[in-house]
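Numbering (this note's numbering), first residue to last: 1 to 250.
The C-beta atom is built at its ideal place from N, Cα and C for all residues, glycine as well.
Notes to accompany the following structure.
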């Protein structure tokens, strides 16, 4: 919950205020507090729409001044969610030179999943990649996800920028949004924070019920969900010391 997140952040800040701390670091800390060995996103199959079974009688999309691409804040938010300072190769001025592989060497850059390879890079082995390449991949994947969300007949409301940024970030963890039972209805009906949170939590609980070995990731997934919902509802992107867009760590 938010209180737990704040407590963990305060504790982490006191321990590491001199060497920097990130959202990813805090989420890791919460996982440790909850006796989780590590955290790691799930990457279900990416579907063409936001629902597995797009119905031909889905309501028409509401027109309006929709956000259509991920903002710089959204890109930086994803970068901070996916990596921490320990994953960066920095120069003396804090410029990001390279990003190290993460998630057991299945992910490169800012959360680019090689097991899915959504940009068809053909890369088979995870290695350090440059800041420029990492940003290119981040923008590429974020734009794919944003396009799937904003053109989907399953989402019938206009999304503002913070909502689109948050849903793209969530897609990094759950795959198609329709994989989460009731989530599309929540979005379309402007459901409350707690309602949407309960449905996302239930989705992760079901993953663990089906595969108990994933229990070690559960708290980390839920903590990520909370930060994403804070962005969706309140426009709160949290602490973002990694500026992936400008290529600096501050």
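Taking C-beta atoms as the reference points, residue 128 and residue 89 count as a pair closer than 8 Å. In the displayed model, residue 236 falls within coil according to three-state DSSP, outside both helix and strand. Residue pairing from DSSP places residue 113 in a beta bridge opposite 107.
Per the C-alpha coordinates, the member of 235, 75, 230 positioned closest to residue 111 is 75. The C-beta separation of residue 115 from residue 121 comes to about 12 Å, leaving the pair out of contact by the 8 Å criterion.
Excluding the 5 residues flanking it on each side, residue 195 has same chain C-beta neighbours closer than 7 Å at 186, in chain order.
Under DSSP, residue 243 forms a beta bridge with 248.
If you compare the alpha carbons of 86, 227, 123, 250 with that of residue 78, the shortest gap goes to 227. Residue pairing by DSSP puts residue 98 in a beta bridge opposite 89, 130. Using a C-beta cut-off of 8 Å, the stretch 164 to 178 makes contact with the stretch 231 to 241, since at least three inter-stretch Cβ pairs fall below that distance.
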